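Enquirer: Got a structure here, written out as structure tokens. Questions coming.
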Amino acid sequence: MSLRNPLARARGLGSAKEGVHHWWMQRVSAIALAFLVPWFIVFLLRLPLADHAAVYEAVASPLNATLLLLLVGANFYHAKLGLQVVIEDYVHTPFLEVTLQLLVRFATLVAAVAAILAIVRIALSAG
Numbered sequence: 155m156s157l158r159n160p161l162a163r164a165r166g167l168g169s170a171k172e173g174v175h176h177w178w179m180q181r182v183s184a185i186a187l188a189f190l191v192p193w194f195i196v197f198l199l200r201l202p203l204a205d206h207a208a209v210y211e212a213v214a215s216p217l218n219a220t221l222l223l224l225l226v227g228a229n230f231y232h233a234k235l236g237l238q239v240v241i242e243d244y245v246h247t248p249f250l251e252v253t254l255q256l257l258v259r260f261a262t263l264v265a266a267v268a269a270i271l272a273i274v275r276i277a278l279s280a281g
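Note that this note's numbering has the sequence shown beginning at 155, numbered continuously upward.
This is the structure in structure tokens:
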């Protein structure tokens, strides 16, 4: 028999109030991608016969560079959120779950930073 009251036992076991925020952020990033992905497809379809210089110039355009940066940010953030949910739902070994969560966070961060730096480098060096 425990001398702790039921409230003390329940603390730390209930909702962390993070689920709703996570759900909203996943929806917001999905809506952003719903607009950015069709733009990106059109952007790519205009370039099939373009040479390296034409593609470089297209990416360097301020509008295109801005939209590419938004696409990269929204895409990697959405991927991180989605993979986080998959890991939480299907990985039940605590050490493996924590390891995979850290791996997903670092991998998405490194990939996003690399893509952003590439876009910024092209945008700033054109001219």
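In this text, a Cβ means the ideal position worked out from N, Cα and C, and glycines have one as well.
Computed from a predicted structure; not experimentally measured.
Within this structure, are the beta carbons of His246 and Ala184 separated by less than 9 Å?
Expert: Contact: no.
Enquirer: Exposed or buried, Phe189, counting other C-beta atoms within 10 Å across all chains shown (16 or more means buried)?
Expert: Exposed is the call here.
Enquirer: Please state if the CB of Ala219 and the CB of Ala261 are separated by a distance shorter than 9 Å.
Expert: The answer is no: Cβ separation not under 9 Å.
Enquirer: Compute the Euclidean distance between the alpha carbons of Val174 and Leu198, then round it to the nearest angstrom.
Expert: One C-alpha to the other measures close to 35 Å.
Enquirer: Please list the segments of the alpha helix (DSSP H) lying wholly inside the region 205-251, counting only runs of 4 or more residues, in order along the chain.
Expert: Runs of the alpha helix (DSSP H) inside the region 205-251: 206-214 and 216-244.
Enquirer: Of all the options Ala269, Leu224 and Ile241, which has the alpha carbon lying nearest to the alpha carbon of Trp193?
Expert: Taking only the C-alpha atoms, the option nearest Trp193 is Leu224.
Enquirer: Taking DSSP as the reference, what is the three-state secondary structure of Pro202?
Expert: Here Pro202 sits in coil by DSSP.
Enquirer: Using the C-alpha atoms, what's the distance from Trp178 back to Thr253?
Expert: So the two alpha carbons sit approximately 25 Å from each other.
Enquirer: Whole angstroms are fine: how far does the CA of Leu257 sit from the CA of Ile241?
Expert: Taking the straight line joining both Cα atoms gives about 11 Å.
Enquirer: List the whole-angstrom C-beta distance separating Ala266 from Gly236, where the pair is believed to meet the contact cut-off of C-beta under 8 Å.
Expert: Their Cβ separation, rounded to whole angstroms, is 14 Å, which puts Ala266 and Gly236 out of contact at 8 Å.
Enquirer: So, for Ala269: in the same chain, excluding its five sequence neighbours on each side, which residues have a beta-carbon less than 7 Å away from its beta-carbon?
Expert: Within the same chain, Ala269 has close Cβ partners Val226.
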